[in-house]
Structures are given as structure tokens and as C-alpha cells.
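Chains as they are written, first to last, in the working numbering: chain A, 1 to 360; chain B, 1001 to 1360; chain C, 2001 to 2360; chain D, 3001 to 3360.
Here's the structure, in C-alpha cells; my notes come after.
Protein chains: 4
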Amino acid sequence: MAKLKVGVLGATGMVGQNYVRLLENHPWFEVSFVAASEKSAGKKYADSVAGRWHMPTGIPNAVQGLMVEDANKVDKAVGRCDFVFSAMEMDKQVVRDLENEYAAAGIPVLSNSSAHRWTEDVPMIIPEINPQHLDIIPVQKKNHGWKKGFVVVKPNCSLQSYLTPVYALIKAGYDVDRMILTTLQAVSGAGYPGVASLDIVDNIIPYIGGEEEKSEKEPLKILGRIEGGKFVNSDSIRISAHCNRVPVVDGHTACVSVGFSGRKPALEEVLRIWREFRALPQELDLPSAPKQPIIYLPEANRPQPRKDRDADKAMAVSIGRLRQCNVFDIRFVGLSHNTVRGAAGGGILNAELAYKKKLL
Amino acid sequence: MAKLKVGVLGATGMVGQNYVRLLENHPWFEVSFVAASEKSAGKKYADSVAGRWHMPTGIPNAVQGLMVEDANKVDKAVGRCDFVFSAMEMDKQVVRDLENEYAAAGIPVLSNSSAHRWTEDVPMIIPEINPQHLDIIPVQKKNHGWKKGFVVVKPNCSLQSYLTPVYALIKAGYDVDRMILTTLQAVSGAGYPGVASLDIVDNIIPYIGGEEEKSEKEPLKILGRIEGGKFVNSDSIRISAHCNRVPVVDGHTACVSVGFSGRKPALEEVLRIWREFRALPQELDLPSAPKQPIIYLPEANRPQPRKDRDADKAMAVSIGRLRQCNVFDIRFVGLSHNTVRGAAGGGILNAELAYKKKLL
Amino acid sequence: MAKLKVGVLGATGMVGQNYVRLLENHPWFEVSFVAASEKSAGKKYADSVAGRWHMPTGIPNAVQGLMVEDANKVDKAVGRCDFVFSAMEMDKQVVRDLENEYAAAGIPVLSNSSAHRWTEDVPMIIPEINPQHLDIIPVQKKNHGWKKGFVVVKPNCSLQSYLTPVYALIKAGYDVDRMILTTLQAVSGAGYPGVASLDIVDNIIPYIGGEEEKSEKEPLKILGRIEGGKFVNSDSIRISAHCNRVPVVDGHTACVSVGFSGRKPALEEVLRIWREFRALPQELDLPSAPKQPIIYLPEANRPQPRKDRDADKAMAVSIGRLRQCNVFDIRFVGLSHNTVRGAAGGGILNAELAYKKKLL
Amino acid sequence: MAKLKVGVLGATGMVGQNYVRLLENHPWFEVSFVAASEKSAGKKYADSVAGRWHMPTGIPNAVQGLMVEDANKVDKAVGRCDFVFSAMEMDKQVVRDLENEYAAAGIPVLSNSSAHRWTEDVPMIIPEINPQHLDIIPVQKKNHGWKKGFVVVKPNCSLQSYLTPVYALIKAGYDVDRMILTTLQAVSGAGYPGVASLDIVDNIIPYIGGEEEKSEKEPLKILGRIEGGKFVNSDSIRISAHCNRVPVVDGHTACVSVGFSGRKPALEEVLRIWREFRALPQELDLPSAPKQPIIYLPEANRPQPRKDRDADKAMAVSIGRLRQCNVFDIRFVGLSHNTVRGAAGGGILNAELAYKKKLL
């Protein structure tokens, strides 16, 4: 089988580099096109990231020599890629317009950007939770008069550590109606240069601009439904998030208290639900899907970011410390790799799902 | 005025060193006696801490040459100190028995240990919150037949960052009935050698043995009352605590969500209450008391441990990020210095209070 | 005595903030004028540094309300300050020209900038080493036709940890002719935002742009002499420096191997020389001078930045680990506080020296 | 081919865990025997390391269920392993005696311990440098009357970052006669719990007990020769080492100045020598050998431990910053992974070499 040709928009940034890295040797996709801001355009990819390649492995050979294009010039991509990953770091309105332009040009867009997360006909997907939200794509295409192109987004990197385990309980029939959670987030989440070292050596920062709002609202769309060709948020759950930056390179941790409105599962039942949880990516055996989406660690002091973030290609969510909550019903600690599961890896899993659903 | 002569039990450990450091130049007290485990006994203090003095300033001259005594030999202290600070790190039953022995020998004990925190006639004091709990001392003395000695303890270091601001609201007439909080605690809280660097570089640990239980239960005694010569816990509040270790040297941070059972204060009202909060230590102008017990920082990203832990001699609680909570009523971030306000400094403030109340 | 009125140019940057902090309560000087870039001009100082005040203590009351001036408008300073500290972070040629303008306007300039370090009639001073280099000031004034103004600079922050102890040996008659040294430098040396956290968490950077050249060449001018109204570098010593950035907030450490061309001191002799070393700042009892410029720590594992950087108001150099070198003659570890001794504190000491020499 | 059965002595410690991890899926060897101290004996391996397994991947399935034996009982190993890796952390004399016992029992010992490094008939091997030192094995066997057993050791973990690149120059005919170097060593080098976090957060420690002596002397044996059945040290080179502990998890960095006694290579020549350097492990295509033993990174700020330590299975040495030295001739920065190349990985490479030389 010939691999699909893939473009990466914003290919020189941190998330873009992760796309380039994770797509090396992908069984279905190959990077054939890289684009970035105007000032990077016209250089070879290897030159454009010289001195700021932050990945643990080298630049893939097949990408080193690709000429970087100006991401604003959509026509450059036409004919050169079957779809694109968007990791552009620009003004949201500009990103929205550009992503639409790519879609209009017949190029599906799998986006990591927050620009289109609240567009009413754009699905925000975590493949283990709401793969059925891809059903809106025909509506979206029709709304815009697009033939082949469309836009799919993924949510913010902070959600992955707690939403999948909570969704597993909901899916098993337990109605979660409230959550209070505190995140301890890695510095890589802020990109590069991102957080200044003077702010994080011997320190934590109890604030990340916009992060709490995303952590509280995006789950409502993901847990919501399509009605009249639009997404309608879930109204059955309230979330309060406290987001902190900590001196950790990769891996977002969340301390989560959860309350149920109806019957409450015993702790053993929760463990069973998590252990047995499988979803569409596992059924379809998608190449980037973790074998077991939720891994429960029985040790008292786990999960820990440096030790557990890489579980199952950094795509699994590691969970620990399940116990009764004195105020709500249960509490636990969740962890996921923010730049893999929470960013480029999650985007690739979305693309694999779309491919299997014959959208690509 | 001649200064009171003070002994420090456990003087060579981290908390003991902080007592020695903070009592240098104290206007009322002077260290005249240091005791530790049997194996340190017989050495000069300076020699016994050589290579493991962790304070930012040098060993006070007046203490360097003191001979370290065996803390198990209570008679060594008799006649040499008017009272002692206890920072012994031993089996709890042993500490309890030893603290009783000192009290029986006529030497009041101001303890940092958790040994006596749940003894029914021992008060657990935060001077800004429950100074009236010292009223149990005559009962305690009578129970044991002690003439001059008694035991007073302070709570765990994790409480100071959130309990004083919450108490200020209670005192102002708002009934707090539930709290969910997550702490990000400094490595100094684990003593020395304490946390291994392999567990904390590029990492956090989402577990501290026994800490969540202390954080949840000790406030109930502090907010409780004396009844029939015993302490009765407050039953009006439930607390759920998630405790984490982070790569910070000093300063415990807490992210706190708070719910009220009756009327709820507006955010401006909360700020006014905190700004105007003063208590007995401030009225008595105790030497170690912060001028303003609760300092609210208006910047969006404060308090931060490295930048704010030293506020007002490291004895003030720094607060920030007051905002509505989506699930409870309000939420905020609190910070206090764990080895000063949360340990030796808090113990000294207890002693100053006891002195003014003519118990020493 | 009325205090001298002092201006701080570049007052909103990291070094400028340190000047403002360290001059609070100075016995001779008081900050009466603050200037920065055009975009900060017109704001109150407190507002201009809001959210980026990095000092451990609050903004001094007397400075909070000062209006920030545009440092490019020299006439604003005339009549409002007796001299200025320059900590401007701009293009070197621009700084050079501006510092000259201030001097031409009758305002002496004590500079932290590297702009004038190699100007042939500008002295680069470490007060314990080459206070006599101030003798060039009359020549400098004459060269420019300046009446009252002049320019004095201090060297790079990396030198303080090793040059004073080496100079003490030279002063005692031992001819040091070669040094190989490796520095481990704190992130505060790069200013704010400076080093990205992704570059320094679980990492070190073995390169600091321009730092090795400064570390190798500036000592030659400091150890040089005035000849024919110009500075002539010392040609008796060669230095090779390896400069690294490490995850430390403040405090530059240097591992130093030293060779002598003639007779070699015994280790005990070196210790005696360091212990007894005093210089003009100590003789004049300058307010910011450390009582003992070089403090030798006998413990095997000292000096350490977090534990020793604050020695004697952060103005002393802490030394340890003196031992024979297998290749040269002796080796040792030196440490000094880079933003105090190595920057603002060093600049203030220069001003105190100039004042005592009646230049201000 | 049936795999050789391998024992790991000290299998529960940090180095032992690395052996277990790195031998998973080894093409020639399989772990069939694990031994540790008496108190671990009798437990399953998975249980004996529960809560202190520090590897980034899980415990290999094949090892989880192995019963841990008492390493002092040599007869337990007889018949169960073809050779052993020794990573025992005990008194040196005890280790020496035990390693001899295993050899006497017919079991070759590939040791990571420092116990036998200076035994006159025990070779200390870096396979790229002195594979010919294995020629002493027949002498060693004869000295002891051993039939099949023998002892081979590897050097200290600090040497790998600088000795191979320096050896490459010697091999190319340039006589290195002096080196001054400073290491910045990772905390994993101290084992677990090892360095206390209070000593390393916002800090460095300019001292590692015994490390400088090892760094200075062990190269002399490695570069030495066999004469009269004993090792004679090289006397052509003098080394001075400054060893520091820094807040890095894995990866030792060294800043190195090198002098030549005879002709001096141009910098381009040095780069060519390093680029082209290959040795016996590469010729034999040993499974753990890096394809290119020395990787030169042209970026100004490399190598960096977090970014470069894993180069080529963490077995390559990464080099950068080659430049002229002001005092000696050249200088550079070297980096290698201390727990892989510098410990278990290096030991495995020794075993692979011994296997190809038909000693196992």
C-alpha cells in the first residue's frame, strides 16, 4: 500500500517537531510537505530547526531535506499532501481562516490548535471517547460547500490525564456530575522558549493563562452530542480546575476528586472498569493506539511523570492512588504525556481514526 | 529583663537547626541547652552538626560550643532550661513518654512532633486561630499531677497555607463546610536526607505518607472546642486533601476549593476579610508574629514558593488567585514557609503566646 | 550628612532591580531617579515592574512612586542625581555613547555594562584588586573635556569567584602564570526571561555566548597597569575558561587549576594568605565591603551555591577544596553571588570607593 | 543458537536493574539467575524491587518470577549461569573475595565494581581502547589455578566521556601528555537513594568522594601495557580532575583541556580522527556497540545531557565545542550516559567482546 502523503503546518515549532518525529516509520502516513511562518520558508527543514530541534531522536532523514514552505500559501500544499496536521502558533482568527482555506482547497485538516475548538460544526475528538462525533463531517462539508476537505481538532493537552478515566466510569453507567481537580503541568506544554528558568527552578507557578477555562469547558463538548447539525454541550457535569506549572520536562499530572449523582461504584468496581476499558482505537487496532488505554499502577506513590509518562509509546494514561474522597466520592491521580498523547500523538490517532472511517 | 533559658530537644535535626537559627537574637528567649540522640551526646554542638548544617546562616556563636546532651536523660535539662522545644524524630510512643517526662520534671514542652497531637488534653495551637485552647493547660496539669510542666503541640506543616485564610472567613461569620485541596510541598518537609534526588529531578511524587490524613483531621481539632476537659472536634467541616512532593526547597503551596453551608461572601468581601484579619499574636505584638497574617497578592501568577515564602520573616501566609469555584463557592492558592511558619517559627510563636499568658 | 542622590539607568531590568533593592537603606546613597527604555518611560516605577519584579524583598517604598524617565534623555537626569549606575541592556555602541553623554553632562557613571570595558581610558575595577586604576580618571576627563563626569566600569560577573583569590596569591609575591578553569553559572546571569526552562531542567548547557572570552581577557586589564594615560594589559598570565550554565538560581561556581612561574606556596601558606587577605575596601570600611573578602570553608564538599552564595551580604567570595593539582600547582573551588557581588553589589562597592576617593 | 545463561549479582540495586533491563531481548545472553544481599534472598525478583524499580521500562517478564538468591552463596550459581555480571555494593574486600570465589567455581565474572580494578592481573577494559588487555586472562587463570572462571572489570563511570576521544588522538599518533578536566556528573551515578534532594535542588556539589582519584588514575592502567604478567601503568600522561554533582538525572559531561608533547593536530584533523574512529567492537559488530563510537555535534551549545545522552542506544560518546585552548593545545566537551555506557551497558559490551574472543 502506498502511504498517504502528509503535510505538517507549523512544522518548526515544538508540536510540529513532535509530528515530524512521531510520523517517522508510520505504517500509513509519510511526511511529504512541511510549512511554517514566512521567515522559515525557503530553507531546508534541517536548517530551519538548527539549534532548536528539541526531540530526543535526530531529524528523520526523509524530512531533513524538505524545503519549508510558507504556511500562508495554501496552493503550495495542493497536490503534495493528502491531508495536513496543523500546529500553527498564530493569532486564532488567522489560524481559523487558514485551516478553512486548506479545507476549501480539498485538504483535510487534523488540528492541534485551539482555534476551531468551539466552532459549532467542528468535532473535538479523543478517539477513545467520542469517535462518533466524526459523524458531523458531512454536515460541516455541506455548510461550507467543501468537497473533500474538512477540519477536525483535538482538545487541550491538560485533559488527557483525567477525562478518559472519568469517561470510562460514565460509559459503565455511573453518572459523574462534579469534579474538582488540580494539575501539575510540564514546562514543555508552554512551547519553546516558553517558561523562563528563573520562574521554575526551586519554584512552581500556580497559574497558566487560559488553561483552567479549557480544562473545565472542553470536556463538556467532548461529552456532548450532535443536535440539529451542531454540537450541544453536556450539561450533566461541572468541573473546577486549578492549573499549575511545575519543574518537569514532559508529563501532566492531575489530582482528581469525583462525585456521582446516582449510584456510586465500589473502588474494586472502578479498578475493574479501568482495567477492562477498551474503545474504538483498540478495536480497530490503530497503529498509535495504546493496547490498554488506562494503566492502573498499584504502588502508593505512582504515577510519576518521569517514570510513567512513556507508558505504551507515551499514549496510555497512567492512573494511581484510587481512594475514597472525604467530600465527593472517589479520588485518584492521573498522568499523561502532554506532547505525545496530549498533542502530536493524539493528533495522529485522530488521523488514523479518520482514515479507518474512510474520511482521508 | 533576663531572657528565659530554652532547651532544644532534637537540636541536630532539620527542625532543631531551625529552632537554633531562629532563636538567635530572640528578645525573650536564649538557647542554653541542646539535646539529641545518644550518639550525638557528648560532642560540641558545632561538631555534631558538622557537614550537615543546612541553615542559610552560620551556627550562632552562643550555641556552637554547647555540649550536646542525650535527650533521653531528662535530669540533664533540670535547672538548665525554663522550657524546651521538642523536635525529636523518634518512635511516637517514645516521644510521647519523653515529652511527658520533661513535663513531669517541671519543664514545659512546646512540641513540633506529631506524637501528642491527638492526646485529648494536649492543645494543638495555631496562635492566630485557637489561642483559647491553652485554657486546657490547668486541666492537663491536674490530670498528670504536674506542677509547672505541660505539653503544647503545633500541627503539621501542611496546614498553615490554607487553614488561617479559611479560619478568617469562619471568624467573619461564613460557615465553611467543605474543602477540597491539593498541596505542592517542598522537599525540606521530609527532613534530611529525606527525598532522594532521583525521585524529584524532572519529577513530582503524588504521595506523602500520612500527610493527607493529617491535613484532613488536624484542622478539626484546631477548629474544635474544649468540653468536659477534653477536646471535641469540629463536625461542621469536611476536608479532602491530595498531597504532592515537588522540586522546591522551601514553601508549601495549596490549591483550595471552599464551599459554604449558609450565606456566601462576595469575592470583594473575602479580600476585605483577609486584608483586615488580625488576631491575638498581632494584638499582643508577639516578636515572631507577622504584622499582617494573611497577605493577598493581586498578580495573576502568585503566590510562588521561591518568591513569596519569606514574606514577613517567613511567618505570613501569602494568598492569591481568589476566584469563583465552578463546583464549590470560592477557590484560591495559599503558600507558607514550611520549616519556619510550619515548624520552628510556629513553635516559637506558640512559646511567645504561652509566655504572654504567663504559662512560662 | 545628606545622602548623595543616585540615578539608576536600566532600572527595570534584573540588574537595575538589584541596584534598587540593594540601595534601600544605604548610608550614603539614595535612589532619586530611575530611567529605562522609552516604552517604560512615563509610568510609576512600581507599575513598570509589575509582574516582573524578581527580587526576594518588595519594591522599596521610596522608589515605588518615582516616575520612570527615558534613559535616552540625559537632560532629565541633570540636577536630579549626583551620579548614576548604568545597567542598560542595549546595543553596545548605543550604551557607550549614552554613558559618555551622561559624563559630558557632569554626571559620573558607574557602569555594569560591558560597553566601555575595553575603552582605553576607562578603568575596570574590582575594589579589592585594582583600586589604583581610578587614578586614570583625571586623564579620562581631560581626554573628553569633562569637568565632573567620568565613566568607571566593573568586569563580567563570572570573574569574581576566582580572580580575587588568585590576586591574593599574586599580591603575596607568588607569580601565577597560567590558569585553566571551568565555571558552573547560575541562570540569573542570563537575565529575564533568559534561559528557557526546557534547556535547563534535567540538563546543563556547556556554552554561554561571549562568556569565555570575557573570563579570559578581562583579568588581564584588571591585573594590568596605566602607561602613557592608557591601560596596558598584564602579559604574565594565560587563562583558559570553560563556561557552563547549570540549574542554579544564583551563584557562580568555578573549578580552578593554577600554575606558578617561580616559587610555589605550600597549601598552608595559601590558606594563610587567603585568611589574612584584606584590601582597600576593608581598610576604608566601605559599607558594602565584606569584612573578610575571601572565606575558606574547610568542609570537603563546599562551597555550594545555595548554601554559601549569601555569605557576608552576598559580597564575600567563598572558597574550598584547596589541594595540589596533578598538572599545575594548586586547584580550588570558588563561588560568588553573580547578581550581587558580580553585578549591582560590585557596582555599589565601586561607587563607595569613588566616593571615598572624593570623585563623587 | 542457544543463548548463554547469565547471572546478575547485586541485581536489585541501580546498576543491577540496568543489567536486567538492558539484557532483555539480548541476542546472545539471557538472565537466568539473580542474586543480592541476604535480606532480599528468597523473594521473587519483582517483589524484591517493588517500590524501588527505577528503570524507564517495566521489569522484563522473564526475570519477574526468578527467585533472588543470596549472592554470598556461590554454589547456588553453579550450573545455572555461564557467567555473571557483578554489581554488588559491599565492602571492597568482601566483593574481591566473592568475585574470586565465583571465578574459582568456574564462573567468569564481568564486574562493574571497583574492587578488582587495581588487582595486578585483572584487566580493566573499555572495548574501544584496550581489548588486547584480555590477553592477561590465561595468566590470571594460571595464577589462581582457575580452569574456566576469571575476572574482568570496567572502569569508573566518569571516564567514558573523555577517555575515548583522547585515546582516538593517541591512536592516531598524537602524544597527549596532560589533561585538566572538570566533570558535571548526574545524580544517578550515586545510586539510590544517593544524593539528597536538599543538596541538589537549586545547587551543585563540587565534590564526589573518591571520584577525582579514579578519574585521574584509572586511565593510566587502561592506557598501560602488560609486562611480566602484570599491568604497568602508562607514565606518559598526567591528569587533573575536578568532579562535580549537578541536578541532572543521567549523563556525565566533561570540560576537557588537552596538551600534546610532540606535534599537535589541527582542529580539522582532530574532527577527522574522531569522525573516522572505529575500533574492535565496531569491527566485530558487537550487538551493544555504537555504530560510531564518537559523535561530534557541530552546534555551539552541545552536547547537553538530556538531549544527547541516549545517542546510539546510549552507548556513543557525544562531543562538541572543539576549540583551541589558551593554555594547553585543544579543548572540548564530552558526554556519555553514566548508567548505560558508563555502567551496565559497558559491562555488557565487555561480555560481548569476551564472548567473541571465546573466553565465555
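Quick reminder that beta carbons are idealized off the backbone N, C-alpha and C, glycines included.
Predicted, not measured: the structure shown is a model, and the values here were computed from it.
Residue i versus chain B: which residues are under 7 Å apart at the beta carbon?
i, result
"residue 253 of chain A", "1204, 1206"
Residue i touches chain A at which residues, Cβ-Cβ below 9 Å?
i, result
"residue 1325 of chain B", "180, 240"
Taking Cβ-Cβ distances shorter than 9 Å, what residues in chain C pair up with residue i?
i, result
"residue 3300 of chain D", "2207, 2209"
"residue 249 of chain A", "2197, 2198, 2201, 2202, 2203"
By the criterion of Cβ-Cβ separation under 7 Å, what are the contact partners of residue i in chain E?
i, result
"residue 2184 of chain C", "Among the chains of the structure shown, chain E does not appear; the protein chains present are A, B, C and D."
I believe residue i touches residue j by the beta-carbon criterion, under 8 Å. Please report the beta-carbon distance rounded to the nearest angstrom.
i, j, result
"residue 2246 of chain C", "residue 3202 of chain D", "Their Cβ separation, rounded to whole angstroms, is 10 Å, which puts residue 2246 of chain C and residue 3202 of chain D out of contact at 8 Å."
"residue 3254 of chain D", "residue 3292 of chain D", "Not quite, the Cβ-Cβ distance comes to about 19 Å (not below 8 Å), so this is no contact."
"residue 3341 of chain D", "residue 3314 of chain D", "6 Å"
"residue 3210 of chain D", "residue 3288 of chain D", "Not confirmed; about 27 Å, so no contact."
"residue 1068 of chain B", "residue 1043 of chain B", "5 Å"
"residue 349 of chain A", "residue 286 of chain A", "6 Å"
Check whether the Cβ of residue i lies closer than 8 Å to any Cβ atom in chain D.
i, result
"residue 1194 of chain B", "yes"
"residue 310 of chain A", "yes"
For residue i, does the three-state DSSP call read helix, strand or coil?
i, result
"residue 3054 of chain D", "coil"
"residue 1048 of chain B", "helix"
"residue 116 of chain A", "coil"
"residue 1225 of chain B", "strand"
"residue 2088 of chain C", "coil"
"residue 2296 of chain C", "strand"
"residue 2199 of chain C", "helix"
"residue 1237 of chain B", "coil"
"residue 1082 of chain B", "coil"
"residue 348 of chain A", "helix"
"residue 1359 of chain B", "coil"
"residue 3169 of chain D", "helix"
"residue 3259 of chain D", "strand"
"residue 2128 of chain C", "coil"
"residue 2030 of chain C", "strand"
Note down, in chain order, every chain B residue with its Cβ under 8 Å from the Cβ of residue i.
i, result
"residue 3187 of chain D", "1197, 1198, 1201"
Please confirm if residue i has its CB atom under 8 Å from at least one CB of chain B.
i, result
"residue 306 of chain A", "yes"
So which residues of chain B does residue i contact, with C-beta pairs closer than 9 Å?
i, result
"residue 236 of chain A", "Correct list: empty, because the minimum Cβ distance to chain B is about 13 Å."
Shorter than 8 Å from the beta carbon of residue i to some beta carbon of chain A?
i, result
"residue 1321 of chain B", "yes"
"residue 1387 of chain B", "Nothing can be reported for residue 1387 of chain B: it is not among the residues displayed for chain B, which extend from 1001 to 1360."
With a threshold of 7 Å, establish whether the CB of residue i neighbours any heavy atom of the ligand FAD.
i, result
"residue 65 of chain A", "The ligand FAD is not part of the structure shown, which contains no ligands of any sort."
Discussion item. What are the residues in the stretch 1202 to 1226 of chain B lying within 7 Å of chain A by C-beta distance?
Written reply: Listed in sequence order: 1202, 1203, 1204, 1205, 1206, 1207, 1216.
Item to complete: Check distances from the C-beta atoms of the stretch 1043 to 1071 of chain B to those of chain C and list, in chain order, the residues that come in under 7 Å.
Response: Listed by position, the residues of the stretch 1043 to 1071 of chain B near chain C (Cβ gap below 7 Å) are 1051, 1056.
Item to complete: Below 8 Å between beta carbons is the criterion; list the residues of the stretch 2328 to 2349 of chain C that meet it against any residue of chain D, in chain order.
Response: If the cut-off is 8 Å between Cβ atoms, the stretch 2328 to 2349 of chain C has 2328, 2331, 2333 near chain D.
Fill in: the stretch 253 to 282 of chain A: positions lying closer than 9 Å to chain B by Cβ
Residues of the stretch 253 to 282 of chain A whose Cβ lies closer than 9 Å to any Cβ of chain B, in chain order: 253, 255, 256, 257, 259.
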